[in-house]
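Here's the structure, in structure tokens; my notes come after.
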Amino acid sequence: MGPVVSRQQGKTARSKQPVADVVPGTRRSPWLIVKQVFGRVINHGCTEISGEMAFDFLFAIFPAALFTSTLIVYIGVPADFVSNSLDLLGIFLHAVFRQMIEDNIRTLVASSTGSHSVLTFGLLGAIWVGSSAVSATIKALNKAYGVKETRSFLRLRLLSLQLMIGAGLAMILAFNLLIMGSWIEDQMHRLLPMGHLLPNIMGTLKWPAGFMCAAAMAGMLYRSAPNCRPRIFEVLPGAALFTILWYFLSEAFGAYVGNFSYYNMMTGLLQGFIVLLLWIYLTALFLLIGGELNAELANGKYADSSTGS
């Protein structure tokens, strides 16, 4: 006869096992999943965390602009290239913001002087503040999956730096493809030999290419940021949801830039700042919503199973 286990001992043993919100294998309707994800977003404070991320990302813009301006002086960028880049920047930035950046860069370029301390401060400031925003994302995704953070502070900072650089490059590329694809195509037709014979390349490729860049960025964050190791196919639903939401957000931002750029300086500066902050905030919120969707579909699989990887 095997060992006798009391009813109380059985209850204690069963209570130590992680319990999923829904019995594994149970089929759930899309509406139920939406309700569960919405509840997760509210209970985990995603709206507050998104505000923290938006503030950090917005605050990182200024040291990044300072670093870029000083770097232009150090590497001796030609004036024509600077002028063309500023014209390109004016396509998707409000005229007031563009003028502020242009005045700063032109002043530095004209002075032909730069400071090592300014260059270093700009770089370190952008890295530190930007990585702080990624650290907030890591905490939010850990909460979504129900895992504890066991990685060291240094390892988290290095991971945040890697994710910030990778995600930043992917988002810049995706944003440029979606918002500036038509402009790039016009320049190709105008500058390249026989350009008028080229098909509508950017009009055909900018949407799938932009979607792939945004989805790759989100998938990279969803897989690498939390202190567990979701499989690639497990992060695809959240990445797809984020990409769709971010596409409509970027379209709205592009419509604003294209149709509401005629206000005076005070009104334009205030509205441009608010719209930029709102765009960053909603991007962060959509990113967390996608992470909550992945965690909900995982159904408690990674709860209390921190791997430290």
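Throughout, our numbering is defined as the position within the sequence shown, counted from one, plus 8. All C-beta atoms, glycine included, are put in the ideal place defined by N, C-alpha and C.
Query                                                                                                                                                           : Result
Quick check on the DSSP output: the alpha helix (DSSP H) that includes N51 runs from which residue to which?                                                    : P38 to N51
Could you give the uninterrupted runs of the beta strand (DSSP E) lying entirely in the stretch 131-158, keeping only those of 3 residues or more?              : none
With distances taken Cα to Cα, identify the nearest neighbour of V142 among L169, T128 and F281.                                                                : L169
Between the stretch 278-287 and the stretch 52-61, can you find at least three pairs of beta-carbon atoms closer than 8 Å?                                      : no
So for C236, helix, strand or coil by DSSP?                                                                                                                     : coil
Contact defined as beta carbons within less than 8 Å: I believe G130 pairs with M172. What is the distance between those atoms, to the nearest angstrom?        : In fact, because the Cβ distance is near 15 Å, the residues do not count as touching under 8 Å.
Under 7 Å, do P234 and L295 count as touching if we go by C-beta distance?                                                                                      : no
What do you get for E56, buried or exposed, if any count of 16 or more other CB atoms within 10 angstroms of its CB means buried?                               : exposed
Which value, in whole angstroms, describes the spacing of the CA atoms of W215 and A224?                                                                        : 14 Å
Could you check what DSSP says for H102 in three-state terms: helix, strand or coil?                                                                            : With a pLDDT of 49 at H102, under the threshold of 50, the predicted position of this residue should be treated as unreliable, and no value is reported.
Of the choices F281, V45, L40 and V243, whose alpha-carbon is the least far from that of A226?                                                                  : V243
Can you look up S58 in the DSSP assignment and give me helix, strand or coil?                                                                                   : helix
Compute the distance between the beta-carbons of G218 and G298, then report whether it is under 7 Å.                                                            : no
Put S160 into one of helix, strand or coil per three-state DSSP.                                                                                                : coil
Between the Cα of Q279 and those of Y264, T291, L293 and A292, spot the shortest distance and give me the residue it belongs to.                                : Y264
Buried or exposed: which applies to G154, given that a residue is buried once 16 or more other Cβ atoms fall within 10 Å of its Cβ?                             : buried
How big is the Cα-Cα spacing for L166 and S258?                                                                                                                 : 29 Å
Can you find the residues in the same chain that come closer than 6 Å, C-beta to C-beta, to A292, ignoring five residues on each side of it along the sequence? : S58, M61 and A62
On the CB-based measure, 16 or more other CB atoms within 10 Å of its CB, does L229 come out buried or exposed?                                                 : buried
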